[in-house]
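One structure below.
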Amino acid sequence: MSDAKIRVRQVGKTFVSERREVQALQSIDLDIQPNEFVTFVGASGCGKSTLLRIIAGLETLSRGEILLDGKPIDGPGVDRAMVFQHYSLYPWLTVMQNIKFCRQLKVIGDTVRHDGDVESAAGRADALLNLMGLTRFTDAYPSQLSGGMQQRVAIARALMPKPATLLMDEPFGALDAQTREVMHDLIRHVHRLEKSTILFVTHDVEEAIYLGSRIVLMAPRPGRIDSIYEVPLPAQRHQDMKLAPEFTELKREILARIRETSGMQTDLEQLAKLSAVAG
Ligand SMILES: Nc1ncnc2c1ncn2[C@@H]1O[C@H](COP(=O)(O)OP(=O)(O)OP(=O)(O)O)[C@@H](O)[C@H]1O
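For the working numbering, add 1 to where a residue sits in the sequence shown, where the first one is 1.
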C-alpha cells in the first residue's frame with residue numbers, strides 16, 4: 002500500500018432533488034502524495050468543487066471512499082483548510098482578529114487554555130502577516146483592503162492552524178491579472194515553506210500549469226477524471242517559464258481537451274451553422 006496523503010477510490014456523488022438527479026462525480030480514483038501541489042481544471046459542472054468539498058468534509062460522498070492519512074474522512078478537521086473565491090472574512094473583525102479567529106475557537110474548544118498556546122498563536126499570526134506582506138494592515142478592517150489583500154488575509158487565516166492540507170477553490174478567480182501573478186508566487190512560496198499538500202481548483206489553465214506539479218483534467222456529465230498531466234517544469238518557478246515552448250504546448254493541449262470534453266465545440270458548430278443561415 003502506498004503512503005498517499007489522500008487516496009480517492011471509486012468515489013461517486015449524486016445530488017438528488019425533487020425534480021432531478023445530478024451525477025456530480027462518477028468513479029473517481031486518485032492518489033495525492035504528501036506535499037504535492039495538484040491543480041484541477043475542467044469545464045463548468047465537472048465536479049471540481051464537489052470533490053474538494055468532500056475532501057474538506059463539507060459534503061458527503063454517495064459511493065466509494067476517501068482516505069486521508071489512511072483514515073476515512075468523517076467531517077471537517079483542523080488538518081485541512083479551505084480557501085474560497087470570495088474572501089469570506091468577518092467584516093466586523095480586524096485583519097489580526099480574522100487571522101486568529103479559528104485558532105481562538107480551537108483553543109476555547111479545548112478543555113485547558115495554556116498561555117503558551119496563545120503566545121505561539123500570536124507569534125504565528127505575526128509571522129503569517131509578515132509572509133503575506135500585511136504587517137502594516139494588522140488593525141485594518143476587510144472593507145479597507147483591496148481584493149488581493151483580503152485574499153492574502155484569507156490565506157493567512159487558513160494557514161493559521163498549520164493545516165497539512167490546503168484546499169483552494171478558485172481562490173484567485175476574482176483578482177486582476179497582475180495581482181494573480183503575485184499571488185501565484187506567494188502560494189508557491191507558502192507551499193515550499195509550510196510543506197503542505199495543496200489541491201487547487203481553477204478555470205485558468207495557465208494558473209494550473211504554473212502552480213501545479215500535476216494537473217487533473219475533469220469532464221462533465223457525469224463528473225469524472227478525463228486525464229492527468231505531469232507539469233514539465235522544475236520545482237522552482239518563475240514567470241518567464243510561461244513563455245517556454247513546453248508551457249505553451251501543454252496549455253494548448255489542455256485547452257483543446259477541455260473544449261472537447263465540454264461540448265463547446267458542438268456549440269461553436271451550431272453558431273457557425275446559424276451564421277451560415279443568417280448570411
Ligand atoms: N448542492 C447541490 N445540489 C444539487 N446539485 C449540485 C449541488 N452542488 C453541485 N451540484 C451539481 O453538481 C455538478 C458539479 O458541480 P460542481 O460545482 O462540483 O462543478 P465545478 O466543476 O466545480 O463547476 P464550476 O467550474 O462551474 O464551479 C453540477 O451539475 C452542479 O450543478
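Quick reminder that beta carbons are idealized off the backbone N, C-alpha and C, glycines included.
Check, Outcome
"Buried or exposed for Val84, please, with buried defined as at least 16 other CB atoms from any protein chain shown within 10 angstroms of its CB.", "buried"
"If you compare alpha carbons, which of Ala175, Gly124, Ala159, Gln151 is closest to Ala135?", "Residue 135 is actually Leu in this sequence, not Ala. Selected option, being the one with the closest Cα: Gln151."
"In the DSSP assignment, find the unbroken alpha helix (DSSP H) run with Leu212 in it and report its ends.", "206 to 212"
"Quick one: Cα of Gly71 to Cα of Gly58, how far?", "15 Å"
"Looking only at DSSP bridge pairs, what is Phe201 linked to?", "Thr40, Met169"
"Whose CA, out of Phe201, Ser276, Ala277, His185, lies closest to the CA of Met242?", "His185"
"Give the DSSP-derived three-state secondary structure of Asp140 in the structure shown.", "coil"
"Taking the straight line between their C-alpha atoms, what separation do you get for Arg189 and Glu195?", "10 Å"
"May I ask whether a heavy atom of ligand 1 can be found less than 6 Å away from the beta carbon of Thr51?", "yes"
"Among the residues of its own chain, which have a CB less than 7 Å from the CB of Ser263, if the five just before and after it don't count?", "Ala44, Pro221"
"Who are the Cβ neighbours of Lys14 in its own chain at under 6 Å, not counting the five residues just before and after it?", "Ala25, Leu26, Thr51, Leu62, Ser63"
"Which residues in the same chain have their Cβ closer than 7 Å to the Cβ of Ser28, if we skip the five residues on either side of it in sequence?", "Gln11, Gly13, Arg225"
"Looking only at DSSP bridge pairs, what is Gln24 linked to?", "Thr15"
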